[in-house]
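Here's the structure we're looking at; comments come further down.
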Amino acid sequence: MATLQFLGAAGTVTGSMHLVVTGDRRILLDCGLFQGLKALRLRNWEPRLADPARLDAVVLSHAHIDHSGYLPLLVRQGFRGPIYCTAGTADLLGVVLPDAAHLQQEDAERANRHGYSKHEPALPLYTVDDAYAALRLVRPAGYDTTFPVADGAAAVLRRAGHILGSATVELAVGAVRLVFSGDLGRYDRPILCDPEPVPAADVLLLEATYGNRPHPPAAEDDLARIVRDAAQRGGVIVVPAFAVDRTQELLWMLHGLERAGRVPALPVYLDSPMAIEVTEIYRRHPEDYDAEMARALGAGEQPLTPEQLHIARTEQESRAINAVRGPAIIVSSSGMAAGGRVLHHLAQRLPDPGTTVLLVGFQAQGTRGRALEDGARELKMLGQVVPVRATVARIDALSAHADCEEILRWLGGFATAPRKTYLVHGEPDGCAALADAIRARYGWSVRAAEDGATVTL
């Protein structure tokens, strides 16, 4: 008998981790960190698996930290098996895991210097050495190719269109086909291929991040309006952007708007060492490109390079941006303002009414980005309280997650209904709305996954 246990991203958006057990074989789908609310983040410090050394393998859907960021801790706890993912994800992991470890070490060191931790001394969740130990276990696999995961289990990775290397996982366990959507991307987005349809599943694990929120259609129009307004006012736009995918999509859109004459070519400061490296990785993986990206590169364009792009690799170059006066655009991570260099830009620019903070992605509960989205008038960061006098704008259409209608479109690719569908990676309202929509459209058996629950496959 095969079973599936939900160890994260059940009733919440982050911490993706699902354990498949068949006989004495144990396979983990995703291995992510909880993010957002403090109560969730504290769960990262709790043991999530009994005896990780007994795991046979991990299969990753993609490289975002809420899907991969627990890997170094898993290895520290004794896991020594293979970590399967696409080639694009493998390259991204080489950037995001050491970066996550470095940020945690920095936060612990800062807390010890300034004495604002409740723990003495403050310690990081894991170290850079732990991250590199995890990377040594990564085994890249191609799209649409069956590969063995453990005795009696094999997997196929399909393009999910969410970020570079993102995949839907088809896991055959004996006679049972389990499909894990991972994070589904959107249709007709720049750079990446559309989500690839999957013909059949016995059991489906389906993401529900935007299960109750439709995306507006015109991201380019909104971005053009915000940039033109900043140019007219002489203001600075600060964009907390995910280093993976969101930054690259922003660069693509700014380049296109400039070429079309819809916005002036403002100075664009890319201040995220990880985003800079990730952008180079994007250029190395044509297997993920859609036709438009392939055409632009084939014509000799640089579609990820706006006209006045300035790269800040070093801390000195980052600090120099403090002297910049508008109009200008600062793109920096992290995307939810949970850490990273963007905090220094926000601390300096939020008190200025001439600043626009542009939110371009999902903001999890408990993050500074979510607080800004909800209208907070002050934020705690870097050991201080910062007043918020800046304008806060949001572009929902830039999300890399499929919305409800796009998820339903992807489900339309199934030739037959799965016997069971479990909704993960969604807050309760989103899961409930998506479940209702699936029942109404297709009549499927669907329910929200329960945290910690084990179900029979």
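My numbering puts the first residue of the sequence shown at 427, with every later residue one more than the last. Don't be surprised by glycine CBs; every beta carbon is placed ideally from N, CA and C.
Length of the line joining the Cα atoms of residue i and residue j
i: ARG615; j: GLU546; result: 47 Å
i: PRO729; j: LEU723; result: 7 Å
i: PRO478; j: GLY507; result: 10 Å
i: ALA819; j: ARG845; result: 42 Å
i: TYR868; j: VAL850; result: 19 Å
i: ALA691; j: GLN658; result: 13 Å
i: GLY852; j: ALA841; result: 25 Å
i: PHE668; j: PRO574; result: 33 Å
i: ALA527; j: ALA701; result: 16 Å
i: ALA754; j: TRP678; result: 17 Å
i: GLY449; j: ILE652; result: 56 Å
i: ILE509; j: ILE833; result: 27 Å
i: LEU805; j: GLU535; result: 21 Å
i: ARG745; j: ARG721; result: 37 Å
i: GLY462; j: THR793; result: 5 Å
i: ALA559; j: GLY766; result: 23 Å
i: ASP525; j: ASP555; result: 11 Å
i: VAL662; j: TYR695; result: 11 Å
i: HIS488; j: THR512; result: 8 Å
i: ASN538; j: GLY660; result: 39 Å
i: ARG836; j: ARG469; result: The displayed chain sequence assigns Trp, not Arg, to residue 836. Near 32 Å, if we compare the C-alpha coordinates of ARG469 and TRP836.
i: ASP829; j: THR572; result: 29 Å
i: HIS681; j: ARG474; result: 44 Å
i: GLN810; j: HIS736; result: 29 Å
i: PRO854; j: ALA725; result: 46 Å
Integer-rounded CB distance, given that residue j should sit under 8 Å from residue i
i: THR673; j: VAL757; result: 6 Å
i: LEU590; j: GLY495; result: Actually they are not in contact, since the Cβ atoms of LEU590 and GLY495 sit about 17 Å apart, beyond 8 Å.
i: MET762; j: GLN789; result: 5 Å
i: ARG603; j: ALA567; result: At roughly 17 Å, the Cβ-Cβ gap does not stay under 8 Å, so ARG603 and ALA567 are not in contact.
i: VAL522; j: VAL670; result: 7 Å
i: VAL812; j: ALA861; result: Not a contact, Cβ separation roughly 40 Å.
i: ALA581; j: VAL485; result: 6 Å
i: LEU561; j: ALA579; result: In fact, because the Cβ distance is near 23 Å, the residues do not count as touching under 8 Å.
i: GLU831; j: PRO640; result: 6 Å
i: THR782; j: ALA601; result: Going by Cβ atoms, the distance from THR782 to ALA601 rounds to 55 Å, so no, they are not a contact pair.
i: PRO643; j: ALA823; result: 6 Å
i: SER825; j: GLY787; result: 6 Å
Beta-carbon gap between residue i and residue j smaller than 9 Å
i: PRO777; j: VAL814; result: yes
i: LEU466; j: VAL447; result: no
i: ASP714; j: CYS619; result: yes
i: ASP609; j: HIS444; result: no
i: PHE432; j: THR880; result: yes
i: PRO498; j: TYR569; result: no
i: ALA557; j: ASP533; result: no
i: LEU883; j: VAL629; result: yes
i: VAL689; j: ARG739; result: no
i: ALA586; j: PRO621; result: yes
i: ARG502; j: ARG480; result: no
i: GLN734; j: PRO699; result: no
i: GLY434; j: TYR636; result: no
i: ALA428; j: VAL599; result: yes
Closest Cα partner of residue i within the set the options
i: ARG584; options: SER607, GLY449, GLU799; result: SER607
i: ALA593; options: ARG502, GLU633, ARG688; result: GLU633
i: ALA874; options: GLY437, ALA428, MET427; result: GLY437
i: ASP647; options: ILE821, LEU455, ASP862; result: ILE821
i: ALA859; options: ASN638, LEU785, ALA537; result: ASN638
i: TRP471; options: ARG480, GLY441, HIS488; result: GLY441
i: ASP492; options: ASP525, LEU468, CYS457; result: CYS457
i: GLY839; options: LEU463, LYS464, VAL605, ARG709; result: VAL605
i: GLY795; options: LEU769, PRO779, GLN810; result: LEU769
i: ALA816; options: ALA802, ALA823, ASP829, GLN810; result: ALA802
i: TYR708; options: GLY682, GLU675, LEU680, PRO666; result: GLU675
i: ARG612; options: GLU684, HIS588, ALA601; result: HIS588
i: THR731; options: GLU684, LEU837, GLU596; result: GLU684
i: ASP482; options: MET427, GLY520, LEU563, LEU519; result: LEU563
i: PRO779; options: PRO854, LEU519, GLY752; result: GLY752
i: LEU631; options: GLY687, GLN530, ALA843; result: ALA843
i: ALA717; options: VAL595, ASP829, ILE617; result: ILE617
i: ALA650; options: HIS771, ALA686, PRO623; result: ALA686
i: SER871; options: HIS490, VAL595, TYR848; result: TYR848
Residues that residue i bridges to, as DSSP identifies them
i: PHE432; result: HIS444
i: LYS806; result: VAL811
i: PHE606; result: VAL595, LEU631
i: ILE509; result: VAL484, VAL564
i: LEU785; result: ARG820
i: ASP829; result: TYR636
i: PHE573; result: ALA581
i: VAL694; result: LEU735, ILE755
i: ILE663; result: ILE755, THR782
i: TYR848; result: LEU631, ARG873
Check: residue i C-beta below 8 Å from any heavy atom of the ligand NAD
i: LEU563; result: Among the components modelled here there is no ligand, and therefore nothing to report on the ligand NAD.
Residue-level contact to chain C via CB, residue i, 9 Å cutoff
i: CYS857; result: In the displayed structure, chain C is absent; only one protein chain is listed.
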